[in-house]
Amino acid sequence: MDVKDKLINDEVSSGPALEPMAMVALDAGRMLMEAGASANSIDAIVAKFARGLGADRVDLRIGYASLAITIGIGPNGITQTRAELTRLAAKTPRHSTWVMAVAVGLACAAFGRLLKVDWSGTGPVFVAAMIGQLVRRDLLGRHVNVFICATIVSFIASVLGGLGAFFAHSDSITTAMIASILLLVPGVPSVNAQSDILEGHPTLGSARAVTVAVILIFVAVGLWLGQVLLSHFGIQL
Amino acid sequence: MTFAFLLHQTICGALAAVGFGVLFNIGFRSLPWCAASGALALAVRTCCYSQYHWNLEASSFAAALIVGAAVQILRTRADISQNALDVVGCIPMVPGSFAAKAILGLFALTSIDTAHATETLVTAVQYTLRVMFTIGAIGTGLAIPSLLLRVRVSR
Chain C
3 MDVKDKLIND EVSSGPALEP MAMVALDAGR MLMEAGASAN SIDAIVAKFA
53 RGLGADRVDL RIGYASLAIT IGIGPNGITQ TRAELTRLAA KTPRHSTWVM
103 AVAVGLACAA FGRLLKVDWS GTGPVFVAAM IGQLVRRDLL GRHVNVFICA
153 TIVSFIASVL GGLGAFFAHS DSITTAMIAS ILLLVPGVPS VNAQSDILEG
203 HPTLGSARAV TVAVILIFVA VGLWLGQVLL SHFGIQL
Chain G
381 MTFAFLLHQT ICGALAAVGF GVLFNIGFRS LPWCAASGAL ALAVRTCCYS
431 QYHWNLEASS FAAALIVGAA VQILRTRADI SQNALDVVGC IPMVPGSFAA
481 KAILGLFALT SIDTAHATET LVTAVQYTLR VMFTIGAIGT GLAIPSLLLR
531 VRVSR
């Protein structure tokens with residue numbers, strides 16, 4: 003679904019001018035949540051939105067998959083802000099699929115070097131991670147569950163990375179397999195989970211931490227399947 | 381630690397941060413900032429880890445602390461959110477490979493051959509703890525400067 007389609011429809015909301023104001027601020031908050039922003043920045047930005055629209059009082063409750071807002075009076079340019087938000091959702095430039103894939107490949111190859119993969123194994127890691135990112139993008143576009151997606155991508159990337167490293171006569175096949183799946187490691191939520199807890203949002207923080215742990219398990223399952231497959235065909239890991 | 385090694389680690393850190401910056405849809409103009417952030421993180425960590433022989437957790441903490449502080453000080457210059465910038469810089473330090481090895485170690489425990497069970501268990505637990513402490517160190521290191529130096533938004 004396009005980001006723009008998900009914006010809450012103005013016509014649905016009836017009643018006093020307060021409601022569309024809350025909806026606009028809430029939409030801004032939802033977009034930030036989806037981007038994985040930390041609770042404090044969501045709080046600050048949503049408050050800014052509501053104030054800009056003329057609210058005198060803003061209270062926001064942030065859950066893992068929910069936002070609730072309560073605002074007090076003062077309408078001012080709601081239509082304008084609504085239009086701006088719609089424009090923002092539609093016009094924010096996004097990197098093309100290929101740019102992203104190459105960047106992810108580079109990142110994983112660099113990771114591989116940091117993990118002491120030898121030079122002959124670095125090329126295969128680059129290719130495997132690039133293909134992994136292309137597959138991930140495609141699967142997420144088809145609305146495959148993120149956890150299942152992590153396992154599938156991890157399996158494909160680790161097998162490709164391992165095979166490539168084997169044929170390139172690398173001495174670090176296992177590490178190359180691991181480096182190829184590092185694109186799946188949820189780094190941002192794992193760091194933000196803690197800052198959320200430190201900033202006084204323990205429920206959101208712990209929910210994020212649990213999600214990180216479960217994603218890591220699903221990624222490891224894919225890697226494990228890949229290792230089983232490669233050793234079945236006699237590749238010494 | 382040779383200078384070439386430090387340079388290698390720094391460049392790899394910068395590349396990894398840029399790659400993940402693109403993945404997080406950070407614009408091309410701001411990518412040099414991501415590179416600088418990742419390079420600084422890895423340079424500090426490599427210095428502490430290889431030169432002063434600190435352990436990985438302490439080195440990651442020092443690196444995150446310095447990156448967090450640098451981002452807070454320079455934040456008005458870069459045209460992206462400070463939260464994105466310091467997190468992207470620390471991404472190359474997230475111990476993803478340890479996490480994978482830890483979980484694989486736990487899987488291996490369930491196999492029939494339990495001759496090296498104790499060894500496998502201890503290694504897996506060690507990896508798990510290292511992951512938790514390293515991520516903890518990065519998170520805390522980043523949080524301290526932002527909590528101390530941030531200009532509070534009035535509500």
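Just so you know, the protein sequences line up as chains C and G, in that order. Going by our numbering, the first residue of the first sequence is number 3, and it counts up by one from there. Going by our numbering, the first residue of the second sequence is number 381, and it counts up by one from there. Built from N, CA and C at the ideal position, the CB exists for glycine as well.
### Task
Please check if any C-beta of chain C sits within less than 8 Å of the C-beta of N435 of chain G.
It does not; no Cβ of chain C falls within 8 Å.
### Query
Taking one C-beta from the segment 78–95 of chain C and one from the segment 219–227 of chain C each time, how about it: are there three or more such pairs within less than 8 Å?
Touching, no, given that fewer than three Cβ pairs across the two stretches are closer than 8 Å.
### Query
Is the segment 134–149 of chain C touching the segment 90–97 of chain C, taking contact as three or more C-beta pairs under 8 Å?
Short answer: they don't touch.
### Query
Do we get a CB-CB distance below 8 Å when we pair R535 of chain G with the residues of chain C?
Its pLDDT being 41, under 50, R535 of chain G is placed unreliably by the model, and nothing is read from it.
#### Entry: Within chain G, partners of Q196 of chain C - CB distance below 9 Å
Neighbours of Q196 of chain C on chain G, chain order: I515, G516, I518, G519, T520, L522 and A523.
### Query
Is the segment 400–416 of chain G in contact with the segment 120–132 of chain C, if contact means three or more CB pairs nearer than 8 Å?
With the cut-off at 8 Å, the segment 400–416 of chain G and the segment 120–132 of chain C do not touch.
### Query
In chain G, what lies closer than 7 Å to W226 of chain C by C-beta?
Per Cβ cutoff of 7 Å: L484 and F487.
#### Entry: Residues from the segment 386–398 of chain G in contact with chain C, defined by Cβ distance under 9 Å
Taking 9 Å as the Cβ-Cβ cut-off, the segment 386–398 of chain G approaches chain C at H388, Q389, I391, C392, G393, A394, L395, A396, A397 and V398, given in chain order.
### Query
Around the Cβ of A384 of chain G, are there at least 16 other Cβ atoms within 10 angstroms (buried) or fewer (exposed)?
The residue in question, A384 of chain G, is exposed, as its Cβ has fewer than 16 Cβ neighbours within 10 Å.
#### Entry: Nearest-angstrom beta carbon gap, P472 of chain G and L116 of chain C [assumed within contact, 8 Å]
That belief holds up - the Cβ atoms of L116 of chain C and P472 of chain G are roughly 7 Å apart, short of 8 Å.
### Message
Please tell me whether S477 of chain G has its Cβ less than 8 Å away from any Cβ of chain C.
### Response
Contact of S477 of chain G with chain C is assigned, a C-beta pair being separated by under 8 Å.
### Query
Quick one: what's got a C-beta closer than 7 Å to C470 of chain G's C-beta in the same chain, skipping five residues either side?
Taken in chain order, the residues that qualify are A421, A444, V447, I518 and L522.
### Query
What is the DSSP secondary structure of T72 of chain C, counted as helix, strand or coil?
Strand at T72 of chain C.
### Query
So which residues on chain C does P412 of chain G lean against when the C-beta distance must stay under 7 Å?
Residues of chain C passing the Cβ test: none, with the nearest at roughly 14 Å.
### Task
Verify the CB distance criterion: does G448 of chain G have a CB-CB separation below 8 Å to chain C?
Chain C contact via Cβ: absent.
### Message
If I measure Cβ to Cβ from T500 of chain G and keep anything under 8 Å in the same chain, skipping five residues before and after, which residues do I get?
### Response
Around T500 of chain G: G485, A488 and L489.
### Message
Just verifying my parser: in three-state terms, what is the DSSP assignment at D61 of chain C?
### Response
Three-state result, D61 of chain C: strand.
### Task
Would you kindly work out how many angstroms separate the C-alpha atoms of T426 of chain G and L206 of chain C, rounded to a whole number?
Rounded to whole angstroms, T426 of chain G to L206 of chain C spans 33 Å at the Cα level.
### Message
With the cut-off set at 8 Å, would you say V55 of chain C and I47 of chain C are in Cβ contact?
### Response
Checking the displayed sequence, the identity of residue 55 of chain C turns out to be Leu instead of Val. Not closer than 8 Å, so no.
#### Entry: Per-residue burial, I180 of chain C [other beta carbons within 10 Å of its own, 16 or more giving buried]
Result: buried.
### Task
Pair every Cβ in the segment 98–109 of chain C with every Cβ in the segment 392–402 of chain G, then say whether three or more of these pairs are closer than 8 Å.
The way I'd put it, the segment 98–109 of chain C does touch the segment 392–402 of chain G; three or more beta-carbon pairs between them come closer than 8 Å.
### Task
Report the rounded CA-to-CA distance for A195 of chain C versus V214 of chain C, giving the unit in angstroms.
Taking C-alpha positions only, A195 of chain C is separated from V214 of chain C by approximately 9 Å.
### Task
Could you tell me whether the segment 67–74 of chain C touches the segment 23–41 of chain C, where touching means 3 or more Cβ pairs closer than 8 Å?
Yes: the two stretches touch, three or more of their Cβ pairs being nearer than 8 Å.
### Message
Please tell me whether L403 of chain G has its Cβ less than 8 Å away from any Cβ of chain C.
### Response
Yes, L403 of chain G lies at the interface with chain C (some Cβ there is under 8 Å from its Cβ).
#### Entry: Local conformation of L239 of chain C per DSSP, three classes
Coil, per DSSP.
### Whole-angstrom distance between S174 of chain C and A449 of chain G, CA atom to CA atom
A straight-line Cα-Cα distance of about 36 Å links A449 of chain G and S174 of chain C.
### Alpha carbon of I237 of chain C to alpha carbon of L162 of chain C, nearest angstrom
Distance between the alpha carbons of I237 of chain C and L162 of chain C is about 13 Å.
### Query
Is G485 of chain G near the ligand GTP, with its Cβ less than 7 Å from a heavy atom?
This structure lacks the ligand GTP, and indeed carries no ligand of any kind.
### Task
Compare the C-beta of S233 of chain C against all C-beta atoms of chain D and say whether one is closer than 8 Å.
Checking the listed chains, one finds no chain D in this structure; the protein chains it contains are C and G.
### Query
Using CA coordinates, which residue listed in G:G516, G:H496, G:T382 and G:D466 is at the minimum distance from W413 of chain G?
The residue with the shortest Cα to Cα distance from W413 of chain G is G:D466.
### Query
Any idea what DSSP makes of D173 of chain C, helix, strand or coil?
Of the three classes helix, strand and coil, the one that applies to D173 of chain C here is coil, per DSSP.
### CB contact below 8 Å: L509 of chain G versus chain C
With 8 Å as the cut-off, L509 of chain G does not count as an interface residue toward chain C.
### Query
Where do the N-terminal and C-terminal ends of the alpha helix (DSSP H) with E437 of chain G fall, by residue?
First-last of the alpha helix (DSSP H) with E437 of chain G: L436 to L454.
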